[in-house]
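Below is one structure; the comments refer to it alone.
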Amino acid sequence: MRIRKLITKNFCQHREVEVEFPCGLIGVVGPNGAGKSNLMKAIRFALLGDSSNVGNRKADISQGETEGYVELSFDVGDIPCRIKRHLHNSRCQLDIGNRTINKAAEVA
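The sequence shown begins at 55 in the working numbering and counts up one residue at a time.
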């Protein structure tokens with residue numbers, strides 16, 4: 055699997071972030087509190103649908119906001135995939151090649 059792009063909206067302290075990942079080894083560098091760990095947390099949430107926060111994933115929505123999402127584009131072999139998960143409800147969409155899955159239970 056190769057991660058290509060991460061987009062977040064109102065995820066933790068990241069109001070709007072778009073990160074493209076080049077091929078190869080990647081390092082994320084920044085001062086304490088910059089949100090490095092939350093980028094990794096966003097990738098985990100996109101792939102697995104769970105939050106490392108105790109309680110529910112609404113705790114990951116930026117303070118003062120009511121909704122947010124995480125979108126991750128990646129390749130599995132030669133197949134392009136994209137998953138988008140919302141923080142304020144269980145809505146999600148997984149695109150695998152030409153197939154789209156909209157039901158959270160099927161995505162899981």
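Just so you know, even glycine gets a beta-carbon here, dropped at the ideal spot from N, CA and C. Small disclaimer: the values here were computed from a predicted structure and weren't measured.
Asked, Found
"What ranges does the alpha helix (DSSP H) occupy inside the stretch 125 to 161, keeping only unbroken runs of at least 4 residues that lie completely in it?", "158 to 161"
"Between Q135 and S144, is the Cβ-Cβ spacing less than 9 Å?", "Here residue 135 is Cys; the residue named in the question, Gln, does not match the sequence. No, Cβ-Cβ distance for C135 and S144 is not below 9 Å."
"Is the beta carbon of H142 closer than 9 Å to that of E121?", "yes"
"Rounded to whole angstroms, what is the Cα-Cα separation between G131 and V73?", "21 Å"
"Kindly give me the distance between the Cβ atoms of N64 and S116, rounded to whole angstroms, as I take these residues to be in contact under 8 Å.", "4 Å"
"What is the C-beta distance between Q67 and N92, in whole angstroms, given that I count them as a contact (C-beta under 8 Å)?", "7 Å"
"Taking just the CA atoms, how far does D114 sit from L148?", "21 Å"
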